[in-house]
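Residue numbers (the numbering used here), protein chains in the order written: chain A, 1 to 160; chain B, 1001 to 1686.
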Amino acid sequence: MQRSKFFLGGALILAAVVYLIFSSTQASAQYFMTVDEVKAEGSSVVGKSLRLSGAVLGDTIQYDSDTLTLTFDVAHVSGDNAEIEEQGGLAEVLYQAVSDPTRQRVSVSYVGVKPDLLRGEAQAIMTGKLGDDGVFYADELLLKCPTKYEEAVPEQAATN
Amino acid sequence: MFAEFGYGILVVSFLVAIYSVFAAVYGATNKSAAMVESARRSMLLVFPLLSLSAAALIYLLVNNHFEVAFVYEVTSRSMPTYLKVTAWWGGQAGSLMFWSWLLAAFTSAVTIRKWDRDIEFLPWVIVVNAITLIFFLGMVVFYENPFTRFWLVGGNVEPHMFAPLNATLFAAPDGNGLNPLLRHPGMVIHPPMLYLGFVSYVIPYSFAMAALITGRTDDRWIRLTRRWSLWAWLFLSFGLVLGGRWAYDVLGWGGYWGWDPVEIAAFMPWLTGTAFLHSVMIQEKRGLFKHWNMILVILTYSLVVFGTFLTRSGVLSSVHAFANSPIGPFFMAFVSLTLVVSIALVIWRWPILRGETEMKSMLSREALFLLNNLLFMSVLVICFWGVIFPLVSELFTGQKVTVGPPFYERATAPIFAALMFLMGVAPLSAWGHSTVQTLGRAMWKSAVAALIITAILFVTYTQNIIALIGFFLIALVLLVTLQEFWRAARARQRAQGENFLTSLSRLMGRNRRRYGGYIIHISMMLMAIGILGIEIFQKETQGSLAQGEQLNIGGYTVEYRELASWDDQGKGVNFTRAVVDVYEDGIYLGELTPRIDYYFDSQQNMTIPGNRSTFRDDLYILLVDWQPVSSMGATFKIFVNPLVNWLWIGSLLFLIGIIFAAWPDKDPAEEPVRAARSVRQTNAAD
Chain A
1 MQRSKFFLGG ALILAAVVYL IFSSTQASAQ YFMTVDEVKA EGSSVVGKSL
51 RLSGAVLGDT IQYDSDTLTL TFDVAHVSGD NAEIEEQGGL AEVLYQAVSD
101 PTRQRVSVSY VGVKPDLLRG EAQAIMTGKL GDDGVFYADE LLLKCPTKYE
151 EAVPEQAATN
Chain B
1001 MFAEFGYGIL VVSFLVAIYS VFAAVYGATN KSAAMVESAR RSMLLVFPLL
1051 SLSAAALIYL LVNNHFEVAF VYEVTSRSMP TYLKVTAWWG GQAGSLMFWS
1101 WLLAAFTSAV TIRKWDRDIE FLPWVIVVNA ITLIFFLGMV VFYENPFTRF
1151 WLVGGNVEPH MFAPLNATLF AAPDGNGLNP LLRHPGMVIH PPMLYLGFVS
1201 YVIPYSFAMA ALITGRTDDR WIRLTRRWSL WAWLFLSFGL VLGGRWAYDV
1251 LGWGGYWGWD PVEIAAFMPW LTGTAFLHSV MIQEKRGLFK HWNMILVILT
1301 YSLVVFGTFL TRSGVLSSVH AFANSPIGPF FMAFVSLTLV VSIALVIWRW
1351 PILRGETEMK SMLSREALFL LNNLLFMSVL VICFWGVIFP LVSELFTGQK
1401 VTVGPPFYER ATAPIFAALM FLMGVAPLSA WGHSTVQTLG RAMWKSAVAA
1451 LIITAILFVT YTQNIIALIG FFLIALVLLV TLQEFWRAAR ARQRAQGENF
1501 LTSLSRLMGR NRRRYGGYII HISMMLMAIG ILGIEIFQKE TQGSLAQGEQ
1551 LNIGGYTVEY RELASWDDQG KGVNFTRAVV DVYEDGIYLG ELTPRIDYYF
1601 DSQQNMTIPG NRSTFRDDLY ILLVDWQPVS SMGATFKIFV NPLVNWLWIG
1651 SLLFLIGIIF AAWPDKDPAE EPVRAARSVR QTNAAD
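In structure tokens form, the structure reads like this:
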């Protein structure tokens, strides 16, 4: 009798945790997408919660400090780490992405403080929604600059 | 010269560790005390060896030897010497070596002790520690070598340990420099604290494995490693708190915890470690939960290695991650292998790990501790799910889906609330048997008082239902815990005829673990006040101001006075600093100076907030942008973070509580005999 009470208690907790996990996952899932995928899906992903990554184009960065509105364009980079490694590492992939004018691009708009790491050839990882106008409205902006963390080899030009 | 020397010593330590595994296994299986002693001595040799190697690396770091790849990556000429030393753990290769060095230190400390009656544990403790060490040293020796140098080969610069054919050594004129975000004092000691916590957990795990292998599965291994688990928990907790404080001071988003995968990686072993801390008491007092404790310590160890892997492999996108690296698969293999072997050992010893009694009452202390464990495990499962969800969903649907902070907040909040309620009830329940009536009688006064406090808050402070539930639970736990101090001290005072404070301090001194634990519970509630404050009541505003203009937020008025920008060539930094005056209800409170530091070597900004902290709230001002010097306009983002200071005050009290509980008071070797005898008495008395 005692045993079954304990099992019942355990089952209730388990059910509660499973419910919490599933309901919370559904409520806050974000789809990882690349710029190419967003362009291909088009209007079908408008309004969905997305996580988009791309290479920042330095010349397009604009910041209006009256409204704290930050806008910039990102170019397509692969979402697959292994693929990035194959193509010579993140720094190289980002460099290629910004120098290739044929790459798909998306404009991004973000309201808030301009992040310290934002500049050309940074990888932007943004969460937000795609608007009807094709602009990605980011609520959250995370940046990675591979050159700064661990650059494998110093540039030889530095010695000359 | 130093690079070859350092690397050579690394290889020697690696070989010595391998020898000690074989010697220990041979010694244990052939009952050869001499071989076990040989294993012990060779293990003791590893720490001084690794220290020598570390000294060589630090010499290279401090003296700008930019021909060494690691030195080039993490230091630059403009960095002060102490930062060059601490850059040791500022990059992947160095931090793995640092991990190994700490583990060697702890293994030495544990093998030096007098073993006497526990001598059968010794060889297996050496084996487990040495295998862990071999794994980490192997990573350093073969894949992430901090002594790799740059060579000029046919016009290209390539990293190699030893000179390729026709190559000349290549030294860059200056290094990349440590990421400026990491040049904060909090960040200098945050990684070593986390690592100390991580590495300390290897020791209880090694004793647990020794207990399983030797079949001596009483609570001896738990008693021997009780202090290790407490210190491990202290360091891990301190590391987590420091990380939060650093984020608040440096990252400039007005927060302290972002549910980043790497934060969670450090949080997960903390969760199992906390559950372990509670459940070992049940084994000591009642002889229950033996399987469970084994599983908890195995999980903690695996999560420690897994956590190091998450931080180091770049498998997850995170602000913490270093570059991608080939060591990921090795970590996965090692974690899986140790997990499988450990669980197999537990299954093998399953019959002799059976509990000595049975749990009878749903409300007994041990049942509530079990519930506490289940809740901690639930938080762990939620965190683990959140971390692996992108990988799982990609595997099954081909679509990479991730969950953000809202997932964790939503899913864990009810569980944290349940844990808080448990903190209020469990100290009042008795070992063996409790009923709703006995518990109700013990807590009704506190519950009524907590309700009154909540009602007052409802009228005067907030109508937010989640906040009110939180404040009710906080008040309940604080009152119940304080009442426990009061009740026990009064009882002693009456029995001994001492004054109240003498009674209280003697009482606490005699039961360090219990009262240390209560102090920790109180500190948790103070931290909860801070978390509720910033999560629910945070206010923010932003705007561009000309000189003399004002912004109003939460009763404060912020007036922009002036801005200055200058270069400090010595440090390689440009400082831009704004001065603002702060008023509340027309009364001048003082000035704040938010600033932005720009580091030339890494071309990176660092936003340092101006923060005015009181017990009621923090006024947290960020300088976001400024116009060219002539017009002197500037843009600010301002947060008011109510009650957040209690988070830091609680953190301090928390550390005091752990140190109080863990402080060595008597020789632990003498303890068990008495403790074993007193089990029955405690049951009767408690």
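For glycine and all other residues, C-beta sits at the position ideal for the given N, C-alpha and C.
Of the other Cβ atoms in all chains shown, fewer than 16 fall within 10 Å of the Cβ of TYR19 (chain A); this residue is therefore exposed. ASN1574 (chain B) has a beta carbon lying at 9 Å or more from every beta carbon in chain A. Here the segment 1520-1532 of chain B makes no contact with the segment 1599-1616 of chain B; the two share fewer than three CB pairs at distances below 8 Å. Taking 9 Å as the cut-off, the beta carbon of GLN104 (chain A) is found no closer than this to the beta carbon of VAL56 (chain A). Scanning B:LEU1234, B:ILE1298, B:TYR1201, B:MET1187 for the CA closest to the CA of ALA1247 (chain B) turns up B:MET1187.
With its beta carbon less than 9 Å from one in chain A, ARG1410 (chain B) belongs to the interface.
Straight-line spacing of the CA atoms in SER1229 (chain B) and GLU1366 (chain B) works out to 20 Å. The beta carbon of PRO1390 (chain B) sits closer than 9 Å to some beta carbon of chain A. By the beta-carbon neighbour count (other beta carbons within 10 angstroms, threshold 16), ASN1372 (chain B) is buried. Sequence-distant Cβ neighbours of GLN1463 (chain B) in its own chain, meaning closer than 8 Å and more than five residues away, do not exist here. Counted as a single uninterrupted DSSP element, the stretch harbouring ARG1577 (chain B) is not any alpha helix (DSSP H) but the beta strand (DSSP E) occupying residues 1573-1584. In the structure shown, the three-state DSSP call for ASN1179 (chain B) is coil. Separation of the CB atoms of LYS1400 (chain B) and GLY79 (chain A) is rounded to 7 Å, and the pair is thereby assigned contact status at 8 Å.
In this chain, the alpha helix (DSSP H) harbouring ILE1658 (chain B) covers 1645-1662. Of the candidates B:SER1020, B:PHE1331, B:LEU1052, B:SER1651, B:SER1020 places its Cα closest to the Cα of GLU1037 (chain B). Ranking B:ALA1634, B:LEU1419, B:PHE1147, B:ARG1487 by CA distance to the CA of ALA1275 (chain B) puts B:LEU1419 first.
Under the Cβ criterion (8 Å, minimum of three pairs), the segment 1428-1440 of chain B does not count as touching the segment 45-55 of chain A.
Here THR1402 (chain B) is bridged, per DSSP, to A:GLN30.
Distances from the alpha-carbon of ASP1625 (chain B) to those of A:ALA138, A:TYR31, A:SER23, A:GLN62 put A:GLN62 closest. The beta-carbon of GLN62 (chain A) is placed no less than 9 Å from the nearest beta-carbon of chain B. Interface flag for LEU1371 (chain B) against chain A is set, since a Cβ pair is found closer than 9 Å.
Per the Cβ contact rule, the segment 1288-1307 of chain B is not in contact with the segment 1387-1401 of chain B (fewer than 3 Cβ pairs under 8 Å).
In this structure, B:PHE1198 is the residue among B:PHE1198, B:TRP1221, B:ALA1578 with its C-alpha nearest to the C-alpha of SER1095 (chain B). Look at the segment 1244-1314 of chain B and you find these whole runs of alpha helix (DSSP H), each 4 residues long or longer: 1261-1286, 1290-1313. Non-local C-beta neighbours of ILE1213 (chain B) in its own chain, meaning closer than 6 Å and more than five positions away in sequence, comprise TRP1124, ordered along the chain. Residues of chain A with a Cβ closer than 9 Å to the Cβ of ASN1611 (chain B) do not exist; the shortest Cβ-Cβ separation is about 15 Å. For GLY10 (chain A), the chain B residues whose Cβ falls inside 8 Å of its Cβ are LEU1374, in order along the chain. DSSP, read as helix, strand or coil, puts PHE1070 (chain B) in helix.
In the structure shown, the three-state DSSP call for ARG1595 (chain B) is strand. In the three-state DSSP reduction, TRP1626 (chain B) falls in the strand class (E or B). Residue B:LEU1044 holds the alpha-carbon nearest to the alpha-carbon of VAL1016 (chain B) among B:ALA1003, B:LEU1044, B:LYS1031.
Between GLU1584 (chain B) and PHE1135 (chain B), the alpha-carbon positions lie close to 58 Å from each other. Classified as buried, PRO1146 (chain B) has 16 or more neighbouring CB atoms from the shown chains inside 10 Å of its CB.
Inside the segment 1108-1135 of chain B, DSSP marks no whole beta strand (DSSP E) run of 3 or more residues. Across the structure, PHE1471 (chain B) and ARG1040 (chain B) are spaced so that their CA atoms are roughly 53 Å apart. When only Cα atoms are considered, ARG1183 (chain B) and THR1081 (chain B) end up about 12 Å apart.
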